[in-house]
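Chain order of the listed sequences is A and B. Read in order, the letters of the first sequence correspond to residues 1 to 102 in the UniProt record's numbering. Read in order, the letters of the second sequence correspond to residues 1 to 85 in the UniProt record's numbering.
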Amino acid sequence: MGDFFNNSSENFDLGSSSGGGTDKFKADEIQKVIMMEQQKAQLNAQIQEISEMCWEKCVDKPSAKLGSKTEACLSNCVKRFFDSSVIIAHRFNQLIQRSNTG
Amino acid sequence: MDGPKMSQEELVEKLKHQVALENIEQLLMKMSRLCFNKCIIKPGPSLDSTEQKCVSMCMDRYMETVSLVSKSFGERLMAESQNMH
Numbered sequence: 001m002g003d004f005f006n007n008s009s010e011n012f013d014l015g016s017s018s019g020g021g022t023d024k025f026k027a028d029e030i031q032k033v034i035m036m037e038q039q040k041a042q043l044n045a046q047i048q049e050i051s052e053m054c055w056e057k058c059v060d061k062p063s064a065k066l067g068s069k070t071e072a073c074l075s076n077c078v079k080r081f082f083d084s085s086v087i088i089a090h091r092f093n094q095l096i097q098r099s100n101t102g
Numbered sequence: 001m002d003g004p005k006m007s008q009e010e011l012v013e014k015l016k017h018q019v020a021l022e023n024i025e026q027l028l029m030k031m032s033r034l035c036f037n038k039c040i041i042k043p044g045p046s047l048d049s050t051e052q053k054c055v056s057m058c059m060d061r062y063m064e065t066v067s068l069v070s071k072s073f074g075e076r077l078m079a080e081s082q083n084m085h
């Protein structure tokens, strides 16, 4: 990502390509696209990470098909991972509150 | 790199392209690592046919796994966002 911006910022001329009022609009638009892309990248990274975890837990030896058992395991794995995250978040909150009041 | 100026569309396209390339590269790296671990237990002088088959199947199964996971992930996100309202 860093490379991309370094290479492009000097090439991308916001100032002179078109009339004054639209430049701000264009910059905002690009900002929006970048934010969307970042969100997508974050989601994608999460999916990739969970995929790896559940792959390790559910798939023993790769065969010609995943099989219904493995598929069920994968689907449960994702759901239980979410449940665990929720517990962790709650627990963490409790700890923070306790340390604030105590 | 490119010509002196880029239009907004070109910049956005380039950004998306770059992100897509990055994703593919990461996926390939990950699959290589995971399938190497699963299929090549003791590296010999060459990949034997069992190992080769295992690596191919491993990649196919991993891609299926990612699509299953992203489906479950999406369903959970949807359910979660409906609970918030």
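Don't be surprised by glycine CBs; every beta carbon is placed ideally from N, CA and C. Here the structure is a predicted model, which means the values were calculated and not measured.
Check	Outcome
Reduced DSSP secondary structure (H/G/I, E/B, other) of B/Asp48	coil
Three-state secondary structure assigned by DSSP to B/Phe57	The question names Phe, yet the displayed sequence has Met at residue 57 of chain B. B/Met57: helix per DSSP, three-state reduction.
Listed by chain order, chain A residues near B/Met78 by CB distance under 7 Å	Under the 7 Å cutoff, chain A gives no residues; its nearest Cβ is about 12 Å from B/Met78.
contact_flag[the segment 30 to 44 of chain B, the segment 50 to 62 of chain A] where n(CB pairs < 8 Å) is 3 or more	yes
Contact list for the segment 10 to 21 of chain B against chain A, Cβ threshold 9 Å	Glu10, Leu11, Val12, Lys14, Leu15, Lys16, Gln18 and Val19
Beta-carbon neighbours of residue 128 of chain B, restricted to chain A and to distances below 7 Å	A question about residue 128 of chain B goes unanswered here, because the residues of chain B that appear run from 1 up to 85.
Top-ranked residue by Cα proximity to B/Leu27, from A/Lys32, A/Ser99 and A/Ala45	A/Ala45
Neighbour list for B/Met57 in chain A, Cβ cutoff strictly below 7 Å	Pro62, Ser63 and Ala64
Chain B contact for A/Ser51 (CB, 9 Å cutoff)	yes
Whole-number beta carbon distance between B/Thr65 and A/Leu95, since they are thought to touch under 8 Å	Between B/Thr65 and A/Leu95 the Cβ distance is about 34 Å, and since that is not below 8 Å, they are no contact.
Where B/Val66 sits in the DSSP three-state scheme	helix
Cutoff 9 Å: B/Phe73 Cβ touching any chain A Cβ	yes
A/Leu43 in three-state terms, based on DSSP	helix
Proximal chain A residues relative to B/Gln52, where beta-carbon distance stays under 8 Å	Here the premise fails: no neighbours, minimum Cβ distance about 12 Å.
Length of the line joining the Cα atoms of A/Leu66 and A/Gln39	30 Å
The segment 21 to 36 of chain A / the segment 51 to 59 of chain B touching (three or more Cβ pairs under 8 Å)	no
Inter-residue Cα distance where the pair is B/Lys71 and A/Asn93	29 Å
Complete runs of the beta strand (DSSP E) confined to the UniProt domain "Tim10-like" (33 to 94) of chain A [at least 3 residues]	none
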